[in-house]
Structure formats: structure tokens, C-alpha cells
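Student: In this text, residue positions in the sequence shown follow this note's numbering: the first is 13, and each later residue adds one. Cβ coordinates follow ideal geometry from the N, Cα and C atoms, glycine included.
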Amino acid sequence: MKDTGDQISRQAEALAMLRLIRSRRVGPVTWHKLVADHGSATAALAALPGIASAAGVDSYSVCPVEVARHEIAQARVAGARMLCFGDADYPVALMDLPDAPPVLWVQGDMALLNRP
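1. Report the residue from G62, S65, W43, G120 whose alpha carbon sits nearest the alpha carbon of R93.
2. Are the CB atoms of L27 and A56 nearer to each other than 8 angstroms?
3. Please work out which residues of its chain come closer than 7 angstroms, Cβ to Cβ, to T54, disregarding the five sequence neighbours upstream and downstream, and give them in chain order.
4. What's the gap between the Cα of V77 and the Cα of D101?
5. If we count the other Cβ atoms within 10 Å of its Cβ and call it buried at 16 or more, is A80 buried or exposed?
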């Protein structure tokens with residue numbers, strides 16, 4: 013199957029989601045606020061160094077793309093799949109939590125994620 017522009021955009025946004033949550037001083041609550049404020053993880057990631065600088069944090073850098081790609085590669089080796097907040101398979105029970113994990117690594121039958 014060939015990648016469409018939409019698939020590439022989703023992959024880029026998923027990578028940005030992982031990079032954002034792996035960036036220093038960003039936990040789930042901050043992640044959700046940044047994404048809500050900026051409209052996407054990609055935009056939030058781009059804004060983060062300026063936000064950190066305005067907050068007095070010197071020399072802030074976001075999680076490097078190579079680090080996130082390595083994590084994804086290692087997960088694939090382990091047979092895990094990345095689920096991002098908002099994905100169709102993301103557990104419904106977690107969606108309404110204010111600190112829902114932005115990224116989950118899953119193995120096995122994902123249908124079990126939405127069972128009681």
C-alpha cells in the first residue's frame with residue numbers, strides 16, 4: 013500500500029506527539045494543554061522552545077527526532093504498536109481523563125483495550 017499525503021501527515025503528527033511527551037518538563041497534563049492551545053502536537057512542539065524561554069528556562073530543546081524514531085524502532089522490534097491519544101484504537105476509558113497518556117505502547121489484541 014502506498015502512502016498518501018494524509019498517511020504521511022498522520023505519521024508526522026504521531027512522531028510529534030511522541031517527541032512532545034518525551035520532551036523535558038512535559039507531562040500528560042502539560043501535553044494536553046499544549047496541544048489544545050496550539051491545535052496539534054506539531055505546532056506545540058514548534059512553540060515549546062519559545063514557551064520555555066519565556067518561562068525563564070535557558071537552552072531548552074525538545075526531544076530530538078532521532079530519539080523518538082529510535083524508540084519507535086525498538087518498539088517494533090518488541091512487536092509493540094504506538095497508539096496516540098485520539099487514535100481510533102485508543103482506549104475509550106482513558107479519553108476523558110485530564111492526564112490521559114498521550115502515547116501508549118501496546119502488544120496483542122487491541123480490541124481488549126476497550127473491554128470492561
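Tutor: According to the structure data:
1. Within the sequence shown, numbered from 1, the residue matching residue 93 stands at position 81. Among G62, S65, W43, G120, the Cα nearest to that of R93 is on G120.
2. The sequence position of residue 27 within the sequence shown is 15, counting from 1. The sequence position of residue 56 within the sequence shown is 44, counting from 1. In terms of Cβ geometry, L27 and A56 do not form a close pair [threshold 8 angstroms].
3. For the purposes of this step, residue 54 is taken as the residue at position 42 of the sequence shown. Contacts found: A24, E25, A28.
4. Locating residue 77 in the sequence shown gives position 65, where the first residue counts as 1. Locating residue 101 in the sequence shown gives position 89, where the first residue counts as 1. If I take the Cα positions, the gap works out to 24 angstroms.
5. Start at 1 with the first residue of the sequence shown, and residue 80 comes out as number 68. The residue is buried, with at least 16 neighbouring Cβ atoms inside 10 Å.
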